[in-house]
Structure formats: structure tokens, C-alpha cells
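Q: Using this note's numbering, you'd call the opening residue of the sequence shown number 338 and step up by one each time. All C-beta atoms, glycine included, are put in the ideal place defined by N, C-alpha and C.
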Amino acid sequence: MRSVVGLSLLGLVLAAGGLTGCGESGEPGERVAAAQALAAARERWARSGSETYTLRQARSCFCTPEAVAPVVVRVEDGRPVELRWSDPTTPGEPLPPDLPTVDALFRAVEDGIADAYAIVVEYDPALGYPTRLALDPAYEISDEETMYVSEILTLTEAVRGDVTVPAGG
338 MRSVVGLSLL GLVLAAGGLT GCGESGEPGE RVAAAQALAA ARERWARSGS
388 ETYTLRQARS CFCTPEAVAP VVVRVEDGRP VELRWSDPTT PGEPLPPDLP
438 TVDALFRAVE DGIADAYAIV VEYDPALGYP TRLALDPAYE ISDEETMYVS
488 EILTLTEAVR GDVTVPAGG
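Next up, the structure:
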């Protein structure tokens with residue numbers, strides 16, 4: 338499903354293709370399909386069995402340079418425990434990302450499906466977490482579009498009972 342919203346940031350992402358999302362009209366069928374894709378992605382993520390990972394995330398928006406500089410978040414048991422710049426030469430302290438965990442990304446997708454004017458999501462094919470999320474909350478407002486690009490850098494093996502399960506397995 339593709340939809341182009343003017344020449345906005347979201348429109349450029351939509352034009353790139355290969356993404357799942359709801360277009361300008363937010364047709365019920367598009368929202369149902371997006372919700373089904375979200376459920377399948379959450380299931381793939383749950384199968385990985387790990388809530389301990391390192392996530393690199395960049396945000397693209399009409400924001401300050403500090404807000405868009407890529408950060409690395411270390412997550413343990415589903416909670417962020419460390420934050421640093423992806424590029425260690427970036428000056429100053431990193432700003433905490435809006436969506437610092439995979440669960441926060443999934444909640445943003447769910448909220449976007451329900452409420453946003455347009456949402457576009459791309460999921461990791463193996464692990465299911467959102468790798469790209471573009472949101473346009475409202476038709477009437479310009480320059481409020483935001484895109485998140487996320488990448489799992491490390492995924493710790495999960496221990497289930499007495500068995501260690503390789504990440505993603």
C-alpha cells in the first residue's frame with residue numbers, strides 16, 4: 338500500500354515503496370491490514386524471546402540537530418539502561434529518544450494506526466521490530482511529520498527454563 342502526501346517527509350517515505358501503512362484517507366481496510374501486519378510483527382518479536390538488546394535509532398523531523406542525531410540505547414529486561422550518541426564525536430549529551438524500546442515503537446505504531454492521518458511502517462523480516470516508522474499525525478498541520486529509523490545492533494540470547502535460545506530462534 339502506498340500513498341503520497343504532498344512533498345512532505347512522509348510523502349517521500351511513502352514514495353519509496355515497500356512499506357505497510359495507512360494512506361491519506363485512513364480507509365478502514367488499510368487500517369485493518371496495518372493492524373494485522375503489526376500483530377504478525379509483534380509475534381515475530383515475541384518469538385525472539387529477548388528483552389535485552391542494543392538499539393540504534395535516528396529520528397527525522399523538523400527538530401533541533403540534537404533531536405535528530407542518531408543514538409544508541411541499551412535495553413535490559415525491556416527497560417532502557419544506557420544512552421549514548423551513535424557517533425562518539427557528537428558534542429553534548431544525547432537527548433533521550435521518543436521511542437527508546439521496541440515495545441515503545443510497537444505502541445507508537447498501534448497509536449498511529451488508530452489516530453494518525455497517515456502512518457507507514459517497515460518491519461524487520463526476521464525479528465519483526467519496526468525498522469522504519471513514519472507518522473503524520475494530522476492533515477491540517479504542516480511540518481509535524483516524524484520518521485524513526487531503528488536497528489537492533491545486538492540481541493542477547495534468551496533463557497527459557499534450562500534452555501538458552503539463540504536470539505531470533
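Helix, strand or coil, according to DSSP, for D435 in the structure here?
A: Note: D435 maps to coil in three-state DSSP.
Q: Just how far apart, CA to CA, sit P431 and A455?
A: Straight-line Cα distance between these residues: approximately 29 Å.
Q: Under the rule that 16 or more other beta-carbon atoms within 10 Å means buried, what is S362, buried or exposed?
A: Because S362 carries a pLDDT of 44, less than 50, the predicted location of this residue cannot be relied on, and no value is offered for it.
Q: So what does W382 bridge to, in DSSP terms?
A: Partner(s): none; W382 has no beta bridge.
Q: Would DSSP call A463 helix, strand or coil?
A: Three-state result, A463: coil.
Q: Which residue wins for smallest C-alpha separation from A406, given the options T468, R393, T493, R416?
A: Answer by Cα proximity: R393.
Q: What residue from R416, E459, G366 has the CA that sits closest to A377's CA?
A: For A377, the nearest C-alpha among the options comes from E459.
Q: Between the region 364-382 and the region 395-410, are three or more C-beta pairs nearer than 8 Å?
A: With the cut-off at 8 Å, the region 364-382 and the region 395-410 do not touch.
Q: When you compare the CB of I450 with every CB in chain B, is at least one pair closer than 7 Å?
A: Absent from the structure: chain B. Only one protein chain is present.
Q: So does the region 442-453 actually touch the region 470-489, counting three or more Cβ pairs closer than 8 Å?
A: Touching, yes.
Q: Measuring only the C-alpha atoms, how far is D414 from A451?
A: The alpha-carbon atoms of D414 and A451 are separated by roughly 28 Å.
Q: Within the same chain, show all residues whose beta-carbon is closer than 6 Å to that of A395, passing over the 5 residues directly before and after it, in chain order.
A: Hits under 6 Å: P407, V486.
Q: Please identify the residue among D440, V418, V409 whose C-alpha is closest to the C-alpha of T427.
A: Checked all of D440, V418, V409; the closest Cα to T427 is V409.
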